[in-house]
């Protein structure tokens, strides 16, 4: 039996395994950058890690502050600009990208812009950033949803998944053939997309999660894979890499914030 | 354009001279190394009515919106303090009806500047956005947010955006010379396009260097002197964001800001202390050290990792060889002039 792990560590590993060797990878901030570092260290040593700010082929030494952070590596191979990072994606040079999700519908369309009315928002979310163009043109996109929701209708469609399902994405003529979201990761498991209907189904369940817990998050009648698998237990090597590289990722956002604020307050008192 | 050698000034002078009410103002930096001190000076001078452009709005957009300087915002990304329970100045202003906002993707926004910097009136962008609400939902730009045209060559529908030429760009870089040659390295983002698309450019930098430093590393220059109106040396000018080769992000100060930004009162109190309460960056850093000591700032200073020098050398730098003979004709100046005389090429 390998050593005990945290849920966040499990999630990082699932994402990292979506990166294949020799692929060109666009990383978003947070979980994907740690996953990218893990993949590069253990599964995909020849992957080229890239960020939309124009930092291309970097080897992170610690977690990134954001997608324009060159402080987390000692140099990198190619300094280009944001414009070229996207035209490169448009031309088909990006194999896989990773995007966070606020709301998602059954066809993998994504909202990261607003909850409620666009003009008078209940909650204004970050917006597109690079998301809409990456989900349009990367060959595959891995969606990660850690705090968001499944909905029947998005409050705002920021990034295009499989639109209305079936062949509607291909038929629109706007996207490369066979592009689109390849999976959605949540804290409960992994969802994939039916090759014909393009409807999301539940493909892989994390340890200690029950199917009922998954279904109650989803407002439509969620289909479950007949060969539903369980997410494998992390190995010691994987756990050790993540915990050393990104201890805050292992601890998770809430605990990290709590410990950080406590530490900051103590420091401030001493000053 | 400022007169020759008249570009070095204070942030106060530069903002007073080159940033006007109702301007289209652009923050040139993208996520990293934001021109914090220039932003604060704009706020302190109570400039109003901006249409603000920002590639990716972080604390810089929040404080400008929170201070009431911005009527219209064009961006691709905004931040939110405190997660779902929290809030942001942008969200509060949208709900109060004091701010209109136009959402683009990173590429669309950057493409508008690329069109602007090259003098094009519009530019093609990536058509996938036509399937999304970015295309459908429009604010103050209305029909002109995006237009679809037919490609004259392929007959395909193309998505386009109009060029952007903001009135004034404020931007922070690592170094510049006194004439304004501005050098920046790291995440290039859209920094050059933001500056070069703009009509006026205010550059702040961590250090002003001699011109020969620029001459030996022109690949690092992103804005040429002839486009720059003002140069201000402001060490720590991007704090609490990071500047590659100088300092990392200050999580401590950024944390204080994020804790404050969730409410209007919180943001105002933070700005009273750190924006309005400091007349310039020296006062800001002095206050910081007075309040928190110098250990945080010392701890985030970069350790050097130098770029390998690029060799800009050449075999010779004059047409005359070591013996004073022209390299191809083999003549000394005296012999050449004699020949010119003999051949009737010289006139009195």
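Residue numbers (our numbering), protein chains in the order written: chain Z, 14 to 284; chain S, 6 to 353.
Note that the Cβ used here is the ideal one computed from N, Cα and C, for glycine as well.
Please read these numbers as outputs of a predicted model, since none were measured by experiment.
Burial state of residue i (16 or more Cβ within 10 Å)
i	result
residue 6 (chain S)	Residue confidence is low: residue 6 (chain S) scores 45 on pLDDT, short of 50, so the model does not pin down where it sits. No coordinate-derived value is stated.
residue 170 (chain Z)	buried
residue 60 (chain S)	buried
residue 186 (chain S)	buried
residue 171 (chain S)	buried
residue 135 (chain Z)	exposed
residue 58 (chain Z)	exposed
residue 140 (chain Z)	buried
residue 295 (chain S)	exposed
residue 322 (chain S)	exposed
residue 188 (chain S)	buried
residue 145 (chain Z)	buried
residue 166 (chain Z)	exposed
residue 8 (chain S)	Legend: pLDDT at residue 8 (chain S) = 48, less than 50; position of this residue unreliable, no value from coordinates given.
residue 52 (chain Z)	buried
residue 317 (chain S)	exposed
residue 132 (chain Z)	exposed
residue 309 (chain S)	exposed
Cβ-based neighbour list, residue i, same chain, cut-off 8 Å, excluding 5 preceding and 5 following
i	result
residue 272 (chain Z)	264
residue 336 (chain S)	330 and 344
Own chain residues within Cβ distance below 7 Å of residue i, not counting five before or after
i	result
residue 106 (chain Z)	37
residue 275 (chain Z)	none
residue 5 (chain S)	Outside the shown range of chain S (6 to 353) lies residue 5 (chain S), about which nothing can therefore be said.
residue 21 (chain Z)	262, 263 and 265
residue 351 (chain Z)	Any property of residue 351 (chain Z) remains undetermined from this structure, which presents chain Z solely from 14 to 284.
residue 247 (chain Z)	15, 18, 22, 23 and 26
Cβ neighbours of residue i in the same chain (closer than 6 Å, five flanking residues each side left out)
i	result
residue 114 (chain Z)	123, 156, 158 and 161
residue 135 (chain S)	164
residue 129 (chain S)	163 and 165
residue 29 (chain S)	56, 171 and 172
residue 80 (chain S)	59 and 62
residue 232 (chain S)	206
Run of the alpha helix (DSSP H) containing residue i, from where it starts to where it stops
i	result
residue 100 (chain S)	94–101
residue 384 (chain S)	The first residue shown for chain S is 6 and the last is 353, placing residue 384 (chain S) beyond what the model contains.
residue 182 (chain Z)	181–184
residue 279 (chain Z)	266–283
Residue i - containing beta strand (DSSP E), residue span
i	result
residue 136 (chain Z)	134–137
residue 62 (chain Z)	61–63
residue 206 (chain Z)	202–206
residue 105 (chain S)	105–108
residue 194 (chain Z)	194–198
residue 84 (chain S)	Per DSSP, residue 84 (chain S) belongs to no beta strand (DSSP E) and is neither H nor E.
residue 213 (chain Z)	213–218
residue 297 (chain S)	Segment 286–297 is the alpha helix (DSSP H) holding residue 297 (chain S); no beta strand (DSSP E) there.
residue 127 (chain S)	127–130
residue 195 (chain S)	Segment: none, residue 195 (chain S) is in no beta strand (DSSP E) and carries neither H nor E.
residue 173 (chain S)	173–181
residue 205 (chain S)	205–213
7 Å Cβ cutoff met for residue i and residue j
i	j	result
residue 244 (chain S)	residue 307 (chain S)	no
residue 266 (chain S)	residue 42 (chain S)	no
residue 102 (chain S)	residue 83 (chain S)	no
residue 86 (chain Z)	residue 71 (chain Z)	yes
residue 324 (chain S)	residue 330 (chain S)	no
residue 23 (chain S)	residue 286 (chain S)	no
residue 202 (chain Z)	residue 224 (chain Z)	no
residue 149 (chain Z)	residue 188 (chain Z)	yes
residue 219 (chain S)	residue 200 (chain S)	no
residue 81 (chain Z)	residue 194 (chain S)	yes
residue 254 (chain Z)	residue 54 (chain Z)	yes
residue 29 (chain Z)	residue 48 (chain Z)	yes
residue 16 (chain S)	residue 48 (chain S)	no
Checklist entry - Which residues, in chain order, does the stretch 122–141 of chain S contribute to contact with chain Z at a C-beta distance below 9 Å? => result 130, 131, 132, 133, 134, 135, 136, 137, 138, 139 and 141
Next on the checklist: Tell me which residues of the stretch 147–177 of chain S have at least one Cβ-Cβ distance to chain Z shorter than 7 Å, keeping chain order.
Outcome noted: none
Checklist entry - What residues from the stretch 185–199 of chain S come within 9 Å of chain Z, judged by C-beta to C-beta, listed N to C? => result 190, 191, 192, 193, 194, 195, 196, 197 and 198
Checklist entry - In chain order, what residues of the stretch 27–45 of chain S put their CB closer than 7 Å to some CB of chain Z? => result 35, 36 and 37
Next on the checklist: To be precise: take each residue of the stretch 78–92 of chain Z, compare its Cβ to all Cβ atoms of chain S, and keep it if any distance is under 8 Å. Which residues remain?
Outcome noted: 78, 79, 80, 81, 82, 83, 84, 87, 88 and 92
Checklist entry - Any residues in the stretch 82–97 of chain S with a beta carbon nearer than 8 Å to a beta carbon of chain Z? Which ones, in chain order? => result 82, 83, 84, 85, 88, 89, 93, 95 and 96
Checklist entry - Between the stretch 115–147 of chain Z and chain S, which residues of the former have CB atoms less than 8 Å from a CB of the latter, in chain order? => result 126, 131, 132, 133, 134, 136, 137, 138, 139, 140, 141, 142, 143, 144, 145 and 146
Checklist entry - Relative to chain Z, which residues along the stretch 52–84 of chain S have a C-beta separation below 8 Å, given in chain order? => result 60, 61, 80, 81, 82, 83 and 84
Next on the checklist: Taking beta-carbon pairs under 8 Å, can you tell me which members of the stretch 229–243 of chain Z lie near chain S?
Outcome noted: none
Checklist entry - Just by C-beta distance, which residues in the stretch 41–68 of chain Z are closer than 8 Å to chain S? => result 64, 65, 66, 67 and 68
Item to check | Interface residues of the stretch 228–251 of chain S facing chain Z [CB-CB below 7 Å] | outcome: 247 and 249
Item to check | Contacting positions in the stretch 250–282 of chain S - beta carbon closer than 7 Å to chain Z | outcome: 253, 254, 257 and 260
Item to check | Near-chain S residues of the stretch 97–113 of chain Z - C-beta to any C-beta below 7 Å | outcome: 99 and 103
Checklist entry - Using a Cβ cut-off of 8 Å, which residues of the stretch 251–269 of chain Z contact any Cβ in chain S, in chain order? => result none
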